[in-house]
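Notes for the one structure printed next.
Number of protein chains: 2
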Amino acid sequence: MAAKKRSKGLVIPQGVVSRLPIYYRHLLDLRSQSVERISSAQFGEAVGCTAAQIRSDLSHFGSFGQQGYGYKVSDLLRQLEKILGLTRTYSAVLVGAGNLGKALASYDSFREQGFVINAIFDVDPVLIGNYHSGKVIRPFKDLPAYLKKSKCDMAIVATPKEAAQEVVDVLVEGGVDSIWNFAPIHPVVPRGVLVENIQLTDSLLRLAFYMNARDN
Amino acid sequence: MAAKKRSKGLVIPQGVVSRLPIYYRHLLDLRSQSVERISSAQFGEAVGCTAAQIRSDLSHFGSFGQQGYGYKVSDLLRQLEKILGLTRTYSAVLVGAGNLGKALASYDSFREQGFVINAIFDVDPVLIGNYHSGKVIRPFKDLPAYLKKSKCDMAIVATPKEAAQEVVDVLVEGGVDSIWNFAPIHPVVPRGVLVENIQLTDSLLRLAFYMNARDN
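Just so you know, the sequences run in chain order A and B.
Residue numbering for the first sequence follows my numbering, beginning at 28 and increasing consecutively.
Residue numbering for the second sequence follows my numbering, beginning at 28 and increasing consecutively.
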């Protein structure tokens with residue numbers, strides 16, 4: 028059950044990285060139901076892929092599970108927490124305190140995974156000075172000064188489309204190298220800066236595609 | 028440029044369906060910049076895949092573009108609108124009028140793609156009766172009666188995790204067969220009901236994985 032020394036994340040196929048969170052969430056559910064052990068076959072069925080796929084995905088990180096026994100839930104969960112970097116906390120800033128930003132700031136799952144929003148910024152004078160989730164909403168123009176003196180592991184961008192690239196530029200300029208972006212653009216960033224884009228529109232369009240294909 | 032008679036959406040590989048919205052958004056950007064024509068190579072570069080991939084993806088739906096010319100932006104956009112089912116409007120209900128629900132209700136892109144929220148439901152007495160985006164927030168217990176008398180092409184579920192399966196059950200019972208789900212569960216639905224899950228946590232965990240892999 029020893030984890031291999033991890034190679035750089037970028038060499039792990041994207042498909043594998045996409046499935047790890049699904050495995051992790053299922054293991055959390057199992058633990059909350061006091062399930063101690065799961066076979067590859069059951070695991071596969073629960074998450075919608077084959078047992079072989081799961082074994083192959085996990086093999087990138089080491090050797091887990093045991094022939095004829097399956098996986099011990101608590102062990103695999105602990106290994107996945109290491110692989111996913113959930114054994115530490117991350118300090119975050121949120122830019123954009125509209126409805127979406129507010130929803131994210133009060134998103135429990137975010138805190139549960141160790142992400143802590145330490146500051147919230149917006150340009151709207153109506154919002155600035157208000158409190159949300161225990162944090163005062165600060166003027167966006169103060170962001171560079173904030174980043175100079177405060178540790179910031181990642182930023183959440185929840186601004187309108189038009190503002191997003193400028194916000195990302197200010198964040199990167201201030202040394203932020205990991206961005207969770209909710210604005211409907213793919214921001215341009217220097218090499219080495221990570222961006223995870225949530226594309227709500229793409230998800231909606233996938234649904235529309237399937238609705239249309241089913242109904243025609 | 029004739030589109031093939033569309034085969035059922037479910038036989039189109041998921042990867043293709045995932046890329047169509049990306050192509051569509053890029054074409055919208057090009058149109059807004061008054062670009063009339065794009066080569067496969069340029070198109071590929073802009074959306075981060077090969078020209079061959081784009082040609083292969085589109086070949087599922089017919090024959091588009093021309094050797095040596097590339098794609099005419101307006102033509103391909105019109106074809107993608109048909110493929111994605113964006114030539115019609117969809118009537119929607121929203122269940123859950125917390126911050127996330129409110130953000131979705133005022134999400135411009137949603138309306139731009141032809142999705143119209145006709146009713147909003149919540150269980151919270153503090154919210155019920157308030158107006159958001161021009162719609163009154165109705166009591167969740169009125170949802171079955173609403174679905175009996177009103178056309179509803181799809182529902183958006185933006186409730187807490189604990190409530191989501193019950194909400195989905197009520198929607199399906201009321202005849203809703205397409206669900207855009209933001210709650211962090213994979214709801215169980217009868218065969219034939221479409222669910223598109225937005226998993227914010229999975230996206231966050233992917234970012235955490237890459238941050239951790241880069242920094243170790």
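Backbone N, C-alpha and C define an ideal beta-carbon position, used for all residues, glycine too.
Below 9 Å on C-beta distance, what does residue i contact in chain A?
{"i": "Phe-137/B", "result": "Leu-227, Thr-228, Leu-231"}
{"i": "Phe-142/B", "result": "Leu-231, Ala-235"}
Nearest-angstrom Cα distance between residue i and residue j?
{"i": "Ser-177/B", "j": "Ser-205/B", "result": "15 Å"}
{"i": "Gly-128/A", "j": "Thr-186/A", "result": "8 Å"}
{"i": "Gly-112/B", "j": "Phe-236/A", "result": "6 Å"}
{"i": "Gly-42/B", "j": "Arg-233/A", "result": "11 Å"}
{"i": "Ala-78/A", "j": "Phe-70/A", "result": "7 Å"}
{"i": "Gly-202/B", "j": "Phe-88/B", "result": "30 Å"}
{"i": "Ile-225/B", "j": "Asp-229/A", "result": "10 Å"}
{"i": "Val-143/B", "j": "Arg-82/B", "result": "33 Å"}
{"i": "Ala-124/A", "j": "Ala-182/A", "result": "13 Å"}
{"i": "Asn-126/A", "j": "Val-222/A", "result": "22 Å"}
{"i": "Glu-63/B", "j": "Pro-40/B", "result": "29 Å"}
{"i": "Val-38/A", "j": "Ile-155/B", "result": "50 Å"}
{"i": "Ile-147/B", "j": "Ile-110/A", "result": "40 Å"}
{"i": "Gly-97/A", "j": "Glu-108/A", "result": "19 Å"}
{"i": "Arg-165/A", "j": "Lys-175/A", "result": "15 Å"}
{"i": "Phe-209/B", "j": "Ala-119/B", "result": "15 Å"}
{"i": "Ser-34/A", "j": "Gln-60/A", "result": "In this predicted model, Ser-34/A has a pLDDT of only 44, less than 50, meaning its place in the structure is not dependable enough to derive any value."}
{"i": "Ala-132/A", "j": "Pro-217/B", "result": "34 Å"}
{"i": "Tyr-51/B", "j": "Gln-106/B", "result": "10 Å"}
{"i": "Tyr-134/B", "j": "Pro-211/B", "result": "20 Å"}
{"i": "Ala-15/B", "j": "Ala-190/A", "result": "Summary: the structure shown does not reach residue 15/B, with chain B confined to residues 28 through 243, and so no result is reported for it."}
{"i": "Ser-90/B", "j": "Lys-188/A", "result": "33 Å"}
{"i": "Ser-86/A", "j": "Tyr-117/B", "result": "44 Å"}
{"i": "His-213/A", "j": "Trp-207/A", "result": "11 Å"}
{"i": "Gly-75/A", "j": "Ala-240/A", "result": "22 Å"}
{"i": "Gln-94/A", "j": "Ser-45/B", "result": "35 Å"}
{"i": "Val-197/B", "j": "Leu-57/A", "result": "26 Å"}
Where do the N-terminal and C-terminal ends of the alpha helix (DSSP H) with residue i fall, by residue?
{"i": "Val-100/B", "result": "100-110"}
{"i": "Ala-119/A", "result": "From DSSP, Ala-119/A is part of no alpha helix (DSSP H) but of the beta strand (DSSP E) over 117-122."}
{"i": "Asp-229/A", "result": "227-242"}
{"i": "Asn-126/B", "result": "126-132"}
Pick helix, strand or coil for residue i, following the three-state DSSP scheme.
{"i": "Phe-88/A", "result": "coil"}
{"i": "Phe-209/B", "result": "coil"}
{"i": "Val-184/A", "result": "strand"}
{"i": "Glu-63/B", "result": "coil"}
{"i": "Gln-93/A", "result": "strand"}
{"i": "Ile-144/B", "result": "strand"}
{"i": "Gly-202/B", "result": "coil"}
{"i": "Ser-34/B", "result": "Any reading at Ser-34/B must be qualified, since the residue scores a pLDDT of 44, below 50, and its modelled position is unreliable; the value itself is stated next. Residue state, collapsed to three classes: coil."}
{"i": "Met-28/A", "result": "Confidence at Met-28/A is low in this model, with a pLDDT of 37, below 50, so its placement is unreliable and the value that follows should be read with caution. It is coil, neither helix nor strand."}
{"i": "Pro-214/A", "result": "coil"}
{"i": "Leu-113/A", "result": "coil"}
{"i": "Ser-177/B", "result": "coil"}
{"i": "Gly-75/A", "result": "coil"}
Please list, in chain order, the chain A residues whose beta carbon lies closer than 7 Å to that of residue i.
{"i": "Lys-129/B", "result": "Asn-126"}
{"i": "Gly-112/B", "result": "Ala-235, Phe-236, Met-238, Asn-239"}
{"i": "Glu-223/B", "result": "Ser-230, Arg-233, Leu-234"}
Interface residues of chain B around residue i at Cβ under 8 Å?
{"i": "Tyr-51/A", "result": "Leu-232"}
{"i": "Ser-61/A", "result": "None at all; the shortest Cβ gap to chain B is about 19 Å."}
Using a cut-off of 7 Å between C-beta atoms, extract the partners of residue i located in chain B.
{"i": "Arg-105/A", "result": "What Arg-105/A touches in chain B: nothing, since even the nearest Cβ is about 15 Å away."}
{"i": "Lys-133/A", "result": "At residue 133/A the sequence reads Ser, which differs from the Lys that was named. The answer, in chain order, is Asn-126."}
{"i": "Ser-205/A", "result": "Leu-234, Met-238"}
{"i": "Leu-154/A", "result": "In chain order: nothing, as chain B lies at least about 13 Å away."}
For residue i, report the span of its beta strand (DSSP E) as first-last.
{"i": "Ile-49/A", "result": "Looking at the DSSP string, Ile-49/A is not in any beta strand (DSSP E); the run it does join, the alpha helix (DSSP H), is 41-59."}
{"i": "Asn-224/A", "result": "221-224"}
For residue i, write down the residues that DSSP places opposite it in a beta bridge.
{"i": "Pro-166/B", "result": "Asp-149/B"}
{"i": "Glu-139/A", "result": "In DSSP, Glu-139/A forms no bridge with anything."}
{"i": "Tyr-158/B", "result": "Val-163/B"}
Name the chain A residues that come within less than 8 Å of residue i, Cβ to Cβ?
{"i": "Val-44/B", "result": "Arg-233, Phe-236, Tyr-237"}
{"i": "Pro-26/B", "result": "Within the shown structure, residues of chain B are numbered from 28 to 243, placing residue 26/B beyond reach of any answer."}
Counting contacts by CB-CB distance shorter than 7 Å, is residue i in contact with chain E?
{"i": "Pro-48/B", "result": "Absent from the structure: chain E. Protein chains present are A and B."}
When every heavy atom of the ligand NAD is checked, does at least one fall within less than 6 Å of the C-beta of residue i?
{"i": "Val-122/B", "result": "Here there are no bound small molecules, and the ligand NAD is not part of this structure."}
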